[in-house]
Amino acid sequence: MLEELFFKSRDFIAINTQKYHRYFIKTKNLSHRLSIITGPRGVGKTTTVSQLVASSYKENEVLYVNLDDIEIASKYSISEIAENLALNGGKLLCLDEIHKYDSWSAELKNIYDRFDNLKVIATGSSALQIHKGSHDLSRRAILYNMVGMSFREFLELHFGYELENYSLENITVNHIEIAKKIKEIIEKKGEKLIPLFKKYLRHGYYPYYLSMPNETLFFQTLQQNINVSIESDLLSVYPRLNGNSIKKIKMLLSIIMKNVPFEPNMSNIRKMTDIKDDRTLKEYLARLDDAGLIKLLMKNSLSIKNIDKPEKIYLANTNLMHTKEPNIGNMRETFFVNQLDNYYKNIDPLGEKGIFYSSRGDFYCEERFTFEVGGRVKKFTQIKNIPNSFIASDEIEVGFGNKIPLWLFGFLY
Numbered sequence: 001m002l003e004e005l006f007f008k009s010r011d012f013i014a015i016n017t018q019k020y021h022r023y024f025i026k027t028k029n030l031s032h033r034l035s036i037i038t039g040p041r042g043v044g045k046t047t048t049v050s051q052l053v054a055s056s057y058k059e060n061e062v063l064y065v066n067l068d069d070i071e072i073a074s075k076y077s078i079s080e081i082a083e084n085l086a087l088n089g090g091k092l093l094c095l096d097e098i099h100k101y102d103s104w105s106a107e108l109k110n111i112y113d114r115f116d117n118l119k120v121i122a123t124g125s126s127a128l129q130i131h132k133g134s135h136d137l138s139r140r141a142i143l144y145n146m147v148g149m150s151f152r153e154f155l156e157l158h159f160g161y162e163l164e165n166y167s168l169e170n171i172t173v174n175h176i177e178i179a180k181k182i183k184e185i186i187e188k189k190g191e192k193l194i195p196l197f198k199k200y201l202r203h204g205y206y207p208y209y210l211s212m213p214n215e216t217l218f219f220q221t222l223q224q225n226i227n228v229s230i231e232s233d234l235l236s237v238y239p240r241l242n243g244n245s246i247k248k249i250k251m252l253l254s255i256i257m258k259n260v261p262f263e264p265n266m267s268n269i270r271k272m273t274d275i276k277d278d279r280t281l282k283e284y285l286a287r288l289d290d291a292g293l294i295k296l297l298m299k300n301s302l303s304i305k306n307i308d309k310p311e312k313i314y315l316a317n318t319n320l321m322h323t324k325e326p327n328i329g330n331m332r333e334t335f336f337v338n339q340l341d342n343y344y345k346n347i348d349p350l351g352e353k354g355i356f357y358s359s360r361g362d363f364y365c366e367e368r369f370t371f372e373v374g375g376r377v378k379k380f381t382q383i384k385n386i387p388n389s390f391i392a393s394d395e396i397e398v399g400f401g402n403k404i405p406l407w408l409f410g411f412l413y
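Take 1 as the starting number for the sequence shown in our numbering and just add one per residue.
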């Protein structure tokens, strides 16, 4: 058994290992015996784990198993694989696409309890819930959420820069000095920030863009990943969904993509999608948020826990907006929401801080910062006299006062 799997594992790791290491592998300590990495399709989970394996383990100590491989999934259970690996002195078992395996929760619990010397890293859909079902892994597994690339990472991966990331507070206090420093680094290679930022908004969120021969194929692949996220991943994680549910969820996403960002009228959306009640509509919206396809902007963290109606709905990132020509104002807000949301997922996984809706500005963060997002000439009229209020302004390289360049929020992680 192991010989066949080791051959596949070796080849898979070699193909997926890249030189550039993203924020995740630099900031996360995956030393726990059971780590589960979730995230939307295409953000680089497989590459990240392959890099970890290649840099930290000998070839015969680790086994990488892709559970989306029908041949493997039909031949062996993950418990059998783990037992054989442990008996032969293996130290690490990596399980990709864990959500595709029916009894993943029960078998991971069994592996954790039986094999003290075997470490497991599993990757899966961002919709995966480790407390789902009767086999609660929350006391055994550490869950990590991986997101797409920041503007900073895009610049490093695509153009070879070495750049620091900054906290939100640091940016609000020192944005002028930080922006000047970054601008100088960028221009040393003959590039300009604003054109590079526009490229990022179009195709920079997903690392796999670099493996595509052209942008057309990238967007085709992105559309395929959207379909797989809904038609396959959501069905694997939420088996209660059926063909009719998936059809309505796809219809719902289509409506959102044509109208984002918007303040949802639940009654109108239900009529357009033939969804019978608000509870079901909220569930479908939550599933699209789970899949990393949309972002539900709530009033506060309590609204998330209570599954209240979202105040606004955005697509999850700006690349998703380019299936058609996006509105520039909508794209600016989507970028800001995406980068702040990802920042908080990294530093505050419980979601107590987060980015929330503001009735006076556009967004409210950490119960202290109010932000308005706009273009170069955006004025402070709407947030005048609000303490700790700022404008995130597009089309400027360096800000002044409380006006911060929009692109700089791409340096949070």
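Just so it is clear, CB atoms sit at the ideal spot from N, CA and C, and this is done for glycine as well. These numbers come from a predicted model, not from an experiment.
Which same chain residues end up closer than 7 Å to residue i when comparing Cβ atoms and leaving out the 5 residues on each side of it in sequence?
i      : result
Pro349 : Asn145
Glu395 : Ile194, Gly375, Arg376
Leu296 : Leu285, Asp289, Pro310, Ile313
Is residue i helix, strand or coil when you go by DSSP?
i      : result
Asn110 : helix
Tyr200 : helix
Glu156 : helix
Tyr205 : coil
Ser295 : Checking the sequence shown, residue 295 turns out to be Lys, not Ser. Of the three classes helix, strand and coil, the one that applies to Lys295 here is strand, per DSSP.
Thr17  : coil
Tyr344 : helix
Gly39  : coil
Lys403 : strand
Leu412 : coil
Gly374 : strand
Ser301 : helix
Lys312 : strand
Ala127 : coil
Phe380 : coil
Val49  : helix
Gly133 : Its pLDDT being 49, under 50, Gly133 is placed unreliably in this model, and the value from its coordinates should be taken loosely. In this structure, Gly133 counts as coil in the three-state DSSP scheme.
Val337 : helix
Does the beta-carbon of residue i have 16 or more other beta-carbons within 10 angstroms, so that it is buried, or is it exposed?
i      : result
Met298 : buried
Phe369 : buried
Phe400 : exposed
Met1   : exposed
Leu302 : exposed
Ile328 : exposed
Lys109 : buried
Leu252 : buried
Gln51  : buried
Met272 : exposed
Gly243 : exposed
Gly133 : Since pLDDT at Gly133 reaches only 49, below the 50 mark, its modelled position is unreliable, and the value read off the structure follows with that caveat. Burial call: exposed.
Which same chain residues end up closer than 8 Å to residue i when comparing Cβ atoms and leaving out the 5 residues on each side of it in sequence?
i      : result
Leu241 : Leu234, Leu235, Ile249, Arg287
Gly361 : Thr370, Phe371, Glu372, Gln382, Ile383, Ile386, Ser389
Glu333 : Pro261, Tyr314, Asp362, Val373
Kindly give me the distance between the Cβ atoms of residue i and residue j, rounded to whole angstroms, as I take these residues to be in contact under 8 Å.
i      : j      : result
Gly375 : Ser393 : 7 Å
Val65  : Val53  : Contact flag wrong, Cβ pair sits at about 12 Å.
Pro40  : Ser267 : Not a contact, Cβ separation roughly 29 Å.
Pro261 : Asn330 : 6 Å
Leaving out five residues before and five after residue i in sequence, what residues of the same chain have Cβ atoms less than 6 Å from its Cβ?
i      : result
Glu3   : none
Phe197 : Trp407
Tyr208 : Gly42
Lys119 : Arg33, Leu92
Leu340 : Ile355
Thr48  : Phe24, Ile25
Legend entry - 4 or more residues per run - each alpha helix (DSSP H) lying fully within the region 213 to 289: Inside the region 213 to 289, DSSP marks whole alpha helix (DSSP H) runs of 4 or more residues at positions 215 to 228, 234 to 237, 243 to 259, 266 to 273, from first to last along the chain.
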